[in-house]
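In this note's numbering, the protein residues as written are 393 to 809.
Down below is the structure, laid out as C-alpha cells.
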C-alpha cells in the first residue's frame, strides 16, 4: 500500500502538470497559459492533484522503518543517508546536463531567450521538491528521536510552529519568515509517516484525522486569507505552496487521514496481481517519470510549434480544448516512453561512495540543495552571457555530488587517480 500511494501521488502530479500548463499561439507567438488562471473554478481541483503531502507521508513511513532497522543493526548515519541521497540525485544529474545543452544550443541558434528560459523553467519544475525532501530526510535521526520520545506531541509542535510562522508573515508582515514553513509543514507531514509506521493511525482514527483536516482547510480558505488553489497561480498574491502555508498542511492532514482510512480496502484491491504488477513497475521508474514528464511535455509543444502551431490555436479552457486533452495526453506519454527507456537506469543504486565522511555528506547535500532550489527560483537559463546558461548554478549539484563521493565528476576524478 505504501508503494501504491507513492505511485499514485507521483502520477497525480504528472497528470496535474499536464493539465495546468496550457500554452497557446497568439499572433504567431507561443504564450504560456495557466489553466488555474484562465478557469478559476479549476483551482478546486488542486485539492486532489496537489498530493505532495502524500509523498512526504510515505517518506516518513519508509524513512522511519529504514532508520530504525539501521539503528538495530548498528549501521551508521553516513551510510544510511548517503544511499538515499544517491538514489534521489543520480537521476537528476542527466536532466540537468541535457537541459544545459538544450539551453546553450537554443541560445546559440538564436532562439528567443525568453522562449528558452520558459522551456527550461517548465521542464525543471520538479527539482524543487527534491531539495526540500532531502533536507527533511537529512534530519530523520532527530525527528525520529523526537517521535519516539514525545509521539504526536512532536507533530503538534511543528503544527504550532507553522501557525506561528503564518501569523508572523500574514498578520505582522515579517519579511521572508514564511520560508521557514518549508521545514515546519513538511516535517509535520513526515512525522505522520512515523505514526503510520508504528500503527498509531488505525483506519478509524485516520478517518477522524481526515475529516478534521478537511474541516480545518475549509475554514482556513472560507474565512481566512488563504486562496483555494493549493499551488501557485499567476497573479495571485499568496501561494499555498511556495512557501507552504497551514492551509496546505491542513490539506496534507486530510489526505493522510483519508488515505490511511482506506488502507484495508486498498490492500484488498492490491491483491489483484495485474494492479500490483503495475504498481511495482511504476515504482521501479518513479523518479524518471517524475523528473522527465515535463520534458516530454515541452518536446510535444516544440513539435507542435515547428508544425505551424498545430493544436495550439485552440483557446485553453474551451470545450474544444478539453475534448483534445486525451489526444495530447497520448502524445505526452509517447514522448515520455523513450525518455524512460534512456534514463531509468540512473535509478539503480550506485556503488561509488563507500563510507562517506560526515562533513562531505553535509557539504555535498547543501550544495546540491542550493542548486536545486536556485533552479526552481531563477532557472538555469540566463538572459545574459554567450551561453545563455547560469553555469555556476548547473555546477552546484554536480560538485555537491562529487564532494559526497558519487556522480560523474567523482568518477572522473577517481579514474585519474
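Ideal Cβ positions, reconstructed from N, Cα and C, are used throughout, including at glycine.
Beta-bridge partners of residue i, as assigned by DSSP
i, result
"residue 781", "773"
"residue 525", "DSSP lists no partner for residue 525."
"residue 426", "413"
Run of the alpha helix (DSSP H) containing residue i, from where it starts to where it stops
i, result
"residue 473", "469-481"
"residue 406", "394-412"
"residue 548", "544-558"
"residue 464", "444-464"
"residue 804", "800-807"
"residue 514", "505-515"
"residue 440", "438-441"
Backbone secondary structure at residue i - three-state DSSP
i, result
"residue 724", "helix"
"residue 531", "coil"
"residue 496", "helix"
"residue 810", "Nothing can be reported for residue 810: it is not among the residues displayed for the chain, which extend from 393 to 809."
"residue 749", "coil"
"residue 518", "coil"
"residue 740", "coil"
"residue 644", "helix"
"residue 787", "helix"
"residue 797", "coil"
"residue 763", "helix"
"residue 502", "coil"
"residue 485", "helix"
"residue 431", "coil"
Host beta strand (DSSP E) of residue i (start-end)
i, result
"residue 634", "No beta strand (DSSP E) contains residue 634, which DSSP labels as neither H nor E."
"residue 417", "416-418"
"residue 423", "421-423"
Integer Cβ distance of residue i from residue j, believed to fall under 8 Å
i, j, result
"residue 780", "residue 774", "6 Å"
"residue 491", "residue 512", "5 Å"
"residue 417", "residue 705", "5 Å"
"residue 621", "residue 478", "35 Å between Cβ atoms; not a contact."
"residue 709", "residue 514", "Between residue 514 and residue 709 the Cβ distance is about 19 Å, and since that is not below 8 Å, they are no contact."
"residue 589", "residue 763", "Wrong, their Cβ atoms sit about 31 Å apart, outside the cutoff."
"residue 686", "residue 518", "7 Å"
"residue 550", "residue 579", "5 Å"
"residue 728", "residue 697", "That pair is no contact at about 19 Å."
"residue 405", "residue 682", "7 Å"
"residue 680", "residue 483", "6 Å"
"residue 388", "residue 528", "Outside the shown range of the chain (393 to 809) lies residue 388, about which nothing can therefore be said."
Residue-chain proximity (residue i, chain D), Cβ-Cβ < 8 Å
i, result
"residue 439", "Note that chain D does not occur in the displayed structure, where there is just one protein chain."
* To do: For the region 646-713, list the alpha helix (DSSP H) runs that are entirely contained and at least 4 residues long, ordered along the chain.
  => 655-661, 665-676, 678-698
* If you scan the region 584-630 from start to end, which runs of the alpha helix (DSSP H) of 4 or more residues do you find wholly inside it? -> 595-615
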